[in-house]
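Asker: My structure is below; once you've seen it, I'll send some questions.
Protein chains in written order, with the working numbering: chain X, 5 to 342; chain Z, 15 to 339.
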């Protein structure tokens, strides 16, 4: 009986020593963290704005490596517009041992499955560009969101047109009927930014005293090719009527420009949002009246700073001011041809 | 009250449940075969992956098929030999089982291998170096000399005689651009043409020189740009200043979406393109085979083509230039 008790005591003692040693090893591991692994999943790799953010993220990672001597591995994956693919990518990130995940959700209403997986694995998530619904964001304190305020983008876009109208009304009202006739190219109907951008852009024109009349509008899903096809159709249906094209993003504005170039029309004014590299090029060449630039360096910088801090188990940098401790809003500005 | 027979039955049920749990949720009884994931690092000579978009798609495809963990690494400064060496050493030390390297200086990498400082399999990308004889090295590349030659021949066939031909490129070109240039020069010399050179080192150098040349006889001016980066810059300049229709023609090489868009818009007249998806796929597959100590036959030169605007709608080129993983 006494021998049995001694064996049990020995076993528990051994268990305590093992637990203590394991704890020390964990501590050692944390101190020795010399590399970070960040999984990045993009809703669509061919979206120009997202691609710009991706490039900036890579620059941030390199800068961080050089400054801190900590190796950063960015696993960047393209979900190609499929939520299912993105869910699989999240699983792969977890199995590869990512310290943190940065996700640009395909479907903002379907983030819960990814959040479940991240919570189970204990991996923090930084969502960006497409904001998950509030209920999902409130499920865990290790979820963050980085984006631009859609209303602000729209108001700035509207003010580009207002300024132009005040400066030279004839440049917009080409037929002199006292009304600026416009068409509208919208992003995905399920994307919150698309609805807000449309609503506030038009509201700003009205508030700014620009007399406007909508000819037609269509959903081009943020895509250049779809916008090009719609514009081509409208140029045929409403010849000499369109004076302004309001686009929810630059890619769609560029698509409309493509259609105008094919039809050899250059008098219609266009405005975009995002200030992508080709968008900026179009502004410089005068093909695009203006665009709204979210500071991509700051945007990607915020994503990376949160991710790096979380991956290292550090508190978030004090210079990042987060709304409700979760949301970072990137500053924006107008970009026009001087 | 339950009798002893029923009790035994209940105990049996319980045991079956425990057994089923052990079978399905743990690997105590049925040991699941542990899948080994090997790390492979791809280190390129550039600071961005702009010229490696399709390559990465092929690379990712092969990584999934061969169950590899592939990291794509770019340099901090363009074509910095020492940085590339440090990254190679770092990746080797961090446990990479194979390296795929687009070398800044192929001789330097080879020297590191001969000195046994690189002890893991190495796949050279876009380099003429082949096996070192130890069976741990392979090569995935295109025939850039032949690409240059074909581009020049096609350009000569398209352009009227008497055109002023300019070759534009970096004043310190990389190995690929040098081979491409040699191919172009060979074809031009055979046709009795003497091209002029415009060389620049910094961004904007070539743009300024080209603008100056275009002021004189733009219609008789044909530009052949030897690398994708400068080709993008010149195409952008022609597009912004609406000069693309005014010159004899702009030619070059590259497969970025931006360059293909310029070709589609008629800014670029002819483009030498490579099958980068296959290059990415084969690089990773080759690395996997070298890791598994299998003999890898030389893949030879991979596919490359000269294309014009109308070829972009050709199904075969569409698949090659806009691959879907």
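From the three backbone atoms N, C-alpha and C, an ideal C-beta is built for every residue, glycine too.
1) Going along the stretch 71 to 86 of chain Z in order, which residues come within less than 7 Å of chain X, judged by CB to CB distance?
2) Counting only Cβ-Cβ distances shorter than 8 Å, please list the residues of the stretch 284 to 318 of chain X near chain Z, keeping chain order.
3) Would you call the stretch 68 to 81 of chain X in contact with the stretch 43 to 53 of chain X, where contact means no fewer than 3 C-beta pairs closer than 8 Å?
4) Just to confirm, are residue 261(Z) and residue 232(Z) a CB contact at a threshold of 8 Å?
5) Rounded to whole angstroms, how far is the Cβ of residue 102(X) from the Cβ of residue 132(X), which I believe are closer than 8 Å?
6) Among all the DSSP beta bridges, which residues are the ones paired with residue 81(X)?
7) Reducing DSSP to helix, strand and coil, say where residue 95(X) ends up.
8) Quick one: measure Cβ to Cβ for residue 318(Z) and residue 288(Z), integer angstroms, because I've assumed they're closer than 8 Å.
9) How is the beta strand (DSSP E) around residue 152(Z) delimited, first residue to last?
10) What does residue 158(Z) touch in chain X if you count any residue whose Cβ is under 7 Å from its own?
11) Which bits of chain X does residue 250(Z) rub up against, with CB to CB less than 8 Å?
12) Any beta carbon of chain Z sitting closer than 8 Å to that of residue 70(X)?
13) Quick one: Cα of residue 61(Z) to Cα of residue 216(X), how far?
14) Does chain Z have any CB closer than 8 Å to the CB of residue 61(X)?
15) Compare the C-beta of residue 280(X) against all C-beta atoms of chain Z and say whether one is closer than 8 Å.
16) Restricting to Cα atoms, I'd like to know which of 171(Z), 91(Z), 263(Z), 133(Z) is closest to residue 102(Z).
17) Within 10 angstroms of the Cβ of residue 335(X), are there 16 or more other Cβ atoms? Answer buried if so, exposed if not.
18) Residues in the same chain with beta-carbon distance under 7 Å from residue 65(X), minus the five sequence neighbours each way, listed in chain order, please.
19) Quick check on the burial criterion: 16 or more other C-beta atoms within 10 angstroms. Buried or exposed for residue 88(Z)?
20) Under 8 Å Cβ-Cβ, which residues of chain X neighbour residue 104(Z)?
21) DSSP state of residue 244(X), grouped into three classes?
22) Once the 5 residues before and after residue 207(Z) are set aside, which same chain residues still bring their CB inside 8 Å of it?
23) Can you list the residues of chain X that residue 90(Z) reaches, using a CB-CB cut of under 7 Å?
24) Using 8 Å as the cut-off, can you tell me whether the stretch 206 to 223 of chain X makes contact with the stretch 180 to 188 of chain X, which would need three or more C-beta pairs spanning the two stretches below that distance?
25) Going by C-alpha distance, which of 131(Z), 135(Z), 114(Z) is nearest residue 2(Z)?
26) Quick check on this structure: which residue in 316(X), 174(X), 235(X) has the alpha carbon closest to the alpha carbon of residue 264(X)?
27) Answer yes or no: does any C-beta atom of chain Z fall closer than 8 Å to that of residue 339(X)?
28) Can you name, in chain order, every residue of its own chain whose Cβ lies under 6 Å from the Cβ of residue 276(Z), other than the five neighbours on each side?
29) I'd like the list of long-range same chain contacts for residue 229(X), defined as Cβ closer than 8 Å, with 5 residues on each side in sequence excluded.
30) Any idea what DSSP makes of residue 106(X), helix, strand or coil?
31) Please report the distance separating the alpha-carbon of residue 213(Z) from that of residue 109(Z).
32) In chain order, what residues of the same chain lie with their CB nearer than 6 Å to the CB of residue 17(X), ignoring the 5 residues before and after it?
33) I'd like the span of the beta strand (DSSP E) that includes residue 332(X), first residue to last.
34) Return the residue from the list 74(X), 249(X), 272(X), 87(X) that minimises the CA-CA distance to residue 110(X).
35) Going by the beta-carbon positions, is the gap between residue 297(X) and residue 337(X) smaller than 8 Å?
36) Using a beta-carbon distance below 8 Å, is residue 62(Z) in contact with chain X?
Answerer: Straight from the coordinates:
1) 83, 85
2) 285, 288, 289
3) yes
4) yes
5) So it is not a contact: roughly 16 Å between Cβ atoms.
6) 45(X)
7) helix
8) 5 Å
9) 151 to 156
10) Simply none; closest approach about 26 Å.
11) 285
12) yes
13) 47 Å
14) no
15) no
16) 133(Z)
17) exposed
18) 76, 78, 308
19) buried
20) 75
21) coil
22) 170, 179
23) 66, 70
24) yes
25) Outside the shown range of chain Z (15 to 339) lies residue 2(Z), about which nothing can therefore be said.
26) 235(X)
27) no
28) 249, 282
29) 259
30) strand
31) 42 Å
32) In this prediction, residue 17(X) scores a pLDDT of 48, lower than 50, which makes its location untrustworthy; the coordinate-derived value is nonetheless stated afterwards. Cβ within range, chain order: n/a, list empty.
33) 331 to 334
34) 87(X)
35) yes
36) yes
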